[in-house]
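To start, the structure under review is shown below, and the notes come after it.
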Amino acid sequence: MMRRILFNLSVWSAVLIVAFPLFWMVVTSLKPQVELWARPPALLPLEPTLEHYLTLLRDTSFLVYFRNSVLLSTATTLLVIGVAALGAYSLVRFRYRGRESLAMLVLFTYLLPSVILILPLYLMMVKLGLANTLVSLVLAYTTFALPYALWLLRSFMAGIPEDLESAALVDGATRLGAFRDVILPQLLPGIISTALFTFILSWNEYLFALVLVNSDATRPLTTGVMNMLISSFNIEWSMLMAASVMMSLPLIIAFSLLQKYLTRGFGAGAVKG
Amino acid sequence: MAGVEFSRVRKEFGGFTAIEALDLRIEEGEFVSLLGPSGCGKTTTLRMLAGLEFPTAGEIRIGERVVNDVPPGQRDIAMVFQSYALYPHMTVRRNMEYPLRKRGLPAAERQASVLMAAEMLQLTELLDRKPRQLSGGQQQRVALGRALVRDPQVFLFDEPLSNLDAKLRGHMRAELVELHARLGRTMVYVTHDQLEAMTMSDRIAIILAGELQQFAPPQEVYRAPANRFVAGFIGMPSMNLVDGRLAHGSGSWQFMAPGIALPVPALAETAVAGEACLGVRPEHVHIGAGELQGRVQLVEQTGHENIVVLAVAGGIRLTCRTPASMIPRMGDTVDFRIDSERVHVFAPGDTGPRLNLPA
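So the sequence lines, in the order shown, correspond to chains B and S.
Quick note: the first sequence uses my numbering, first residue 7, plus one each step.
Quick note: the second sequence uses my numbering, first residue 3, plus one each step.
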């Protein structure tokens, strides 16, 4: 009994430690300006207000940044999943010279810190005429999300028995048809977890966005909000918190919808056959 | 209806030659087993027939058509896999329907075919379940059903029974034989289990290291094995193989090994005196009376008979079958004789060809 209580207590304190900043973020975003610096701080706002949210939505470029982030992350995710799924399929199903070293080489690119890559990448984008566009960010994000996605999907793919595909071929499917009808449904949990991972990575990315784009029309949320609300002399805490809440919402919604697949996905990757 | 023909088919994987030069002609409506130890190339042969592997050289025909470059879906074949390969996310009905769907059959026809196959295999109750909700035996039937609905020219089986328990396997063997009799379609069956091959096939193709050793009906394979490998591979317990010498004298041949001297029946003209191998089935060694002696080393009682291992001079051991009532004591020395009309003589070497004419 004592053990149980202790166990529960420690779990709940862990949850609390993790959840408190989130809670504080929401609370701060709802406090009117005057309450912000009150001593001692109040746990809950006395007069909750949505004014910070309204200011952000009405008077700033927040919605432009938001749209940019959605476009950027969605495009990156689609591109990465598309390329990684086909690449993983090739690495698992076909035998060709240098297959293993190719897979290792892809992972090797991860060993280079992104700070090293960022300047050459920037110069390349300028040469390509893509400087200061969302496309440049999609390409940049793909370079660092793809290797991981490829390896993740490769292990999922390896868990799908080859006989399934052979059976579909004998049953009259084309190779692409077999991939769509049989492989893809089996791969779905893997695709969902990989997609979520890629989406989060691009949604939260800061460094590349800071270097590669510098106009308000193309900034994503991370650099946009930073640029708008944090200056050398002042931090707009309540607006920053309101922006943070709105930034977190899409991820929280996506997680809660896809949680089912996510856990199933981890199981499917671990147990073969 | 269509037969199958391999002519001079060769298959290499990288530098490794899996199939040397296979010639095999399967008549229409025939049930043929490809039998051999694992890694002998029998599955590769089947996969080439299915279109899942492509031959490096040679020609494969189904009926009159050369299918070397025809994709699997257009060969008018159906295949049952060892792992069953049921689509996990589809119900039994959808699984069985899939090949028909891929051929663009209308829904009503698809349903009719599925129901007919399901009835034949007693799957009607299970049509709306997912594969993971079925037992191994049921999954096996669904795999069979998925092959049946199409009414293909040729059925291919890749060790379909090896994941079932012994009792169910016996049952499914009988069912497959019945199915073959009913459909009259050409069936090619890959197995490493000689019992399956012996009990079900019209003819057995025995393959070793990518080379065809013998292609004949089960009885012939048993009674007149073409070479030493086939002789040792077919039969349970396996044939006794004794290395010794052939000698020619006064118009007849003699086989000699330590403790054994035996006249052998008509040999082929290619036979020469010298090293040779004698093959004797356990049922042709008779304990009781005779001019040979051996010490009883082991007695295994199976119920309806006993398997006795005799130690003869020179480290030679002979396995023999005795009736259930005759149980020799271990360690005793007994007299025995070898039925010399029924022995086989092979040239030396692992696949030394048969030298005596079939009895």
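Glycine included, every Cβ here is placed at the ideal spot set by N, Cα and C.
Inter-residue Cα distance where the pair is residue i and residue j
| i | j | result |
| --- | --- | --- |
| residue 53 of chain S | residue 70 of chain S | 8 Å |
| residue 337 of chain S | residue 353 of chain S | 32 Å |
| residue 274 of chain B | residue 105 of chain S | The predicted model places residue 274 of chain B with a pLDDT of 45, which falls under 50 and marks its position as unreliable; any figure quoted below should be read in that light. If you take the alpha carbons of residue 274 of chain B and residue 105 of chain S, they lie about 31 Å apart. |
| residue 220 of chain S | residue 200 of chain S | 5 Å |
| residue 285 of chain S | residue 240 of chain S | 10 Å |
| residue 188 of chain S | residue 5 of chain S | 7 Å |
| residue 47 of chain B | residue 67 of chain B | 31 Å |
| residue 34 of chain S | residue 168 of chain S | 22 Å |
| residue 26 of chain B | residue 141 of chain B | 37 Å |
| residue 316 of chain S | residue 343 of chain S | 24 Å |
| residue 24 of chain S | residue 277 of chain S | 30 Å |
| residue 159 of chain B | residue 113 of chain B | 13 Å |
| residue 335 of chain S | residue 147 of chain S | 57 Å |
| residue 105 of chain B | residue 157 of chain B | 13 Å |
| residue 212 of chain S | residue 84 of chain S | 21 Å |
| residue 119 of chain S | residue 96 of chain S | 13 Å |
| residue 161 of chain B | residue 116 of chain B | 18 Å |
| residue 164 of chain S | residue 107 of chain S | 33 Å |
| residue 221 of chain B | residue 139 of chain B | 9 Å |
| residue 94 of chain S | residue 178 of chain S | 20 Å |
| residue 172 of chain S | residue 138 of chain S | 14 Å |
| residue 134 of chain B | residue 127 of chain B | 10 Å |
| residue 9 of chain S | residue 60 of chain S | 6 Å |
| residue 306 of chain S | residue 326 of chain S | 5 Å |
| residue 155 of chain B | residue 229 of chain S | 55 Å |
| residue 340 of chain S | residue 282 of chain S | 8 Å |
| residue 256 of chain B | residue 81 of chain B | 15 Å |
| residue 210 of chain S | residue 252 of chain S | 38 Å |
| residue 242 of chain B | residue 63 of chain B | 15 Å |
| residue 101 of chain B | residue 169 of chain B | 16 Å |
| residue 123 of chain S | residue 91 of chain S | 21 Å |
| residue 330 of chain S | residue 318 of chain S | 19 Å |
| residue 63 of chain S | residue 191 of chain B | 35 Å |
Proximal residues of chain S, C-beta to C-beta of residue i below 7 Å
| i | result |
| --- | --- |
| residue 182 of chain B | In chain order: nothing, as chain S lies at least about 12 Å away. |
| residue 188 of chain B | 89 |
Interface residues of chain B facing residue i [CB-CB closer than 7 Å]
| i | result |
| --- | --- |
| residue 348 of chain S | What residue 348 of chain S touches in chain B: nothing, since even the nearest Cβ is about 39 Å away. |
| residue 101 of chain S | 177, 178 |
| residue 74 of chain S | 175, 176 |
Chain B contact residues for residue i, given Cβ-Cβ distances below 8 Å
| i | result |
| --- | --- |
| residue 367 of chain S | In the structure as shown, chain S begins at 3 and stops at 361. Residue 367 of chain S is therefore absent and cannot be evaluated. |
| residue 105 of chain S | 178 |
| residue 325 of chain S | Those do not exist, as residue 325 of chain S stays about 46 Å from chain B at its closest Cβ, beyond 8 Å. |
Contact test: residue i Cβ vs the ligand SAM heavy atom, cutoff 7 Å
| i | result |
| --- | --- |
| residue 41 of chain B | Looking for the ligand SAM in the displayed structure turns up nothing, as the structure carries no ligands at all. |
N- and C-terminal bounds of the beta strand (DSSP E) containing residue i
| i | result |
| --- | --- |
| residue 254 of chain S | 254 to 259 |
| residue 169 of chain B | Taken as a continuous stretch (DSSP letters only), residue 169 of chain B belongs to no beta strand (DSSP E), being part of the alpha helix (DSSP H) at 168 to 176. |
| residue 246 of chain S | 242 to 251 |
| residue 289 of chain S | 287 to 303 |
| residue 112 of chain B | Here residue 112 of chain B belongs to no beta strand (DSSP E); instead the alpha helix (DSSP H) covers 105 to 114. |
| residue 347 of chain S | 346 to 348 |
| residue 308 of chain S | 307 to 313 |
Cβ distance (whole Å) where residue i is taken to contact residue j below 8 Å
| i | j | result |
| --- | --- | --- |
| residue 143 of chain B | residue 214 of chain B | 6 Å |
| residue 264 of chain S | residue 256 of chain S | 7 Å |
| residue 208 of chain B | residue 79 of chain B | 4 Å |
| residue 36 of chain S | residue 190 of chain S | 7 Å |
| residue 232 of chain S | residue 216 of chain S | 5 Å |
| residue 14 of chain S | residue 58 of chain S | 5 Å |
| residue 1 of chain S | residue 262 of chain S | This structure gives no information on residue 1 of chain S, because the portion of chain S shown stretches from 3 to 361. |
| residue 249 of chain S | residue 238 of chain S | That belief does not hold up - the Cβ atoms of residue 249 of chain S and residue 238 of chain S are roughly 32 Å apart, past 8 Å. |
| residue 151 of chain B | residue 204 of chain B | 5 Å |
Listed by chain order, chain S residues near residue i by CB distance under 8 Å
| i | result |
| --- | --- |
| residue 167 of chain B | 85, 87 |
Contact set between residue i and chain S, taken where Cβ atoms lie within less than 9 Å
| i | result |
| --- | --- |
| residue 191 of chain B | 89, 90, 91, 92 |
Closer than 9 Å at the beta carbon, the chain B residues around residue i
| i | result |
| --- | --- |
| residue 81 of chain S | 172, 173, 176, 177 |
Continuous alpha helix (DSSP H) stretch holding residue i: start and end
| i | result |
| --- | --- |
| residue 271 of chain S | Premise fails: residue 271 of chain S is in no alpha helix (DSSP H) and is neither H nor E. |
| residue 220 of chain S | 220 to 225 |
Original post:
Counting pairs of Cβ atoms below 8 Å between the region 79 to 94 of chain B and the region 189 to 200 of chain B, do you hit three or more?
Top reply: yes
Original post:
Would you call the region 158 to 177 of chain S and the region 88 to 108 of chain S in contact, with 3 or more CB pairs under 8 Å?
Top reply: no
Original post:
Are the region 128 to 136 of chain S and the region 36 to 52 of chain S touching by the rule of at least three beta carbon pairs closer than 8 Å?
Top reply: no
**OP:** Could you tell me whether the region 73 to 80 of chain S touches the region 172 to 181 of chain B, where touching means 3 or more Cβ pairs closer than 8 Å?
**Re:** yes
Subject >> Contact between the region 94 to 102 of chain B and the region 218 to 232 of chain B (3+ Cβ pairs under 8 Å) >> reply: no
Original post:
Counting Cβ pairs, one atom from each stretch, are 3 or more of them under 8 Å apart for the region 239 to 251 of chain B and the region 30 to 37 of chain B?
Top reply: yes
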